[in-house]
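In this note's numbering, the protein residues as written are 21 to 437.
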């Protein structure tokens, strides 16, 4: 806007000069004024340094509240770099024009005024860009863009640094009871993994990563996936301890999406996310958050259904991902039964029956691994049905507290009068 108004002022001044003096040339008074505008110009250049000095304290506070890497991100910000270059270029150009020995085709006032307008715009952009670093939501998005750039340039260490920074922002958000910021940064981490796993299949990214090679990383895809899952686990443990159940549920859903991204890249990679979903759901059930474990069960089933329906499975090994799914569903069911002995066994068996129906789909019915997976599902269902039969043969049971404080199962010896 500063440049626009400067051009508008020049145009208006020229019109006034034409009507008063009969010429489009600016009057002598205006031609003598560049020195004043030159002094004003230098003041504006110095004001850039003042802006940076004033905002240094808020940036340091943002560094403490978010992550130390925010200052590295600020120093390498291309927008800020180009703003500095633009101000310097405009300064040198105006200085050269002000002291140019030959007559200029137009009044120096025109160049000075337009130069001042450009500098106003650059300073305005600098202030707004600095304010963006004080907004944690904008900062998390900046780290995502930096990570995507690292992916395209094969810089594994920089990619992991971005994931680490986002996880640190999530943890500090939980400390300040800001679950929305935590969910936002988690979603940014998910987006990074989506881009990474999609680009990992590209031939353009198949070359050697010098940073990964220097760190001794041989399988970059598996390393990055485990790095991501490890950071998510730290966030989940803290959210679970603090009782942020909606954050825990969001993480379960996020891992379901990440498992699908991994499956589209390499089906064997999906097992990693599936195991984490099962582990997180089991931990939630141990803490008494049965709604989270239920969401984990639903997520595992939805991941299995999507893999079967949307991913080409010809000649793929189905045993590893679906054996992991069956095992995690079984662990969740066992923990649910341990916490609540009165839960109907048929409810615990239902997820396995749903999974069994998925494998009756025409797409995988003829797959070479389907009979093996079905056999494993039937084995687990048989175990639960056997337990149900055994429990039905027992007399009614009641739970009583033992002397040690543990709950023991005792026969109901109450005699009705």
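Cβ coordinates follow ideal geometry from the N, Cα and C atoms, glycine included.
Problem set entry | Whole alpha helix (DSSP H) elements within the segment 146-229, 4-residue minimum | 156-172, 176-195 and 199-219
Problem set entry | Cα-Cα separation, residue 386 to residue 344 | 21 angstroms
Exercise. Below 8 angstroms between beta carbons: does that hold for residue 320 and residue 389?
Worked result: no
For this session: Can you tell me which of 409, 376, 184 and 367 puts its alpha carbon nearest to the alpha carbon of residue 397?
Result: 376
Exercise. DSSP state of residue 361, grouped into three classes?
Worked result: coil
Problem set entry | Length of the line joining the Cα atoms of residue 360 and residue 411 | 14 angstroms
Problem set entry | Limits of the unbroken alpha helix (DSSP H) element including residue 325 | 310-330
Exercise. Under the three-state reduction of DSSP, which class applies to residue 85: helix, strand or coil?
Worked result: helix
For this session: Tell me whether residue 366 sits in a helix, a strand or coil according to DSSP, three-state version.
Result: helix
Problem set entry | Straight-line Cα distance separating residue 326 from residue 357 | 28 angstroms
Exercise. By Cβ distance, which residues of its chain are closer than 7 angstroms to residue 237, with the 5 residues on each side in sequence left out?
Worked result: 176 and 243
Problem set entry | Contacts around residue 215, its chain only, beta-carbon distance under 7 angstroms, and the 5 residues preceding and following it disregarded | 168 and 171
Exercise. Sorted by chain position, which residues of the same chain lie with C-beta nearer than 8 angstroms to residue 90's C-beta, five sequence neighbours on each side aside?
Worked result: 79, 82, 83, 153, 159 and 185
Exercise. For residue 335, does the count of other Cβ atoms within 10 angstroms reach 16, so buried, or fall short, so exposed?
Worked result: exposed
Exercise. If you draw a straight line from the C-alpha of residue 217 to the C-alpha of residue 203, how long is it?
Worked result: 21 angstroms
Exercise. Got a sec, what are the start and stop residues for the alpha helix (DSSP H) residue 273 sits in?
Worked result: 265-285
Exercise. Who are the Cβ neighbours of residue 181 in its own chain at under 7 angstroms, not counting the five residues just before and after it?
Worked result: 89
Exercise. If you run the structure through DSSP and keep just helix, strand and coil, what is residue 110?
Worked result: helix
Exercise. Does DSSP classify residue 261 as helix, strand or coil?
Worked result: helix
Exercise. Roughly how many whole angstroms lie between the Cα atoms of residue 195 and residue 277?
Worked result: 26 angstroms
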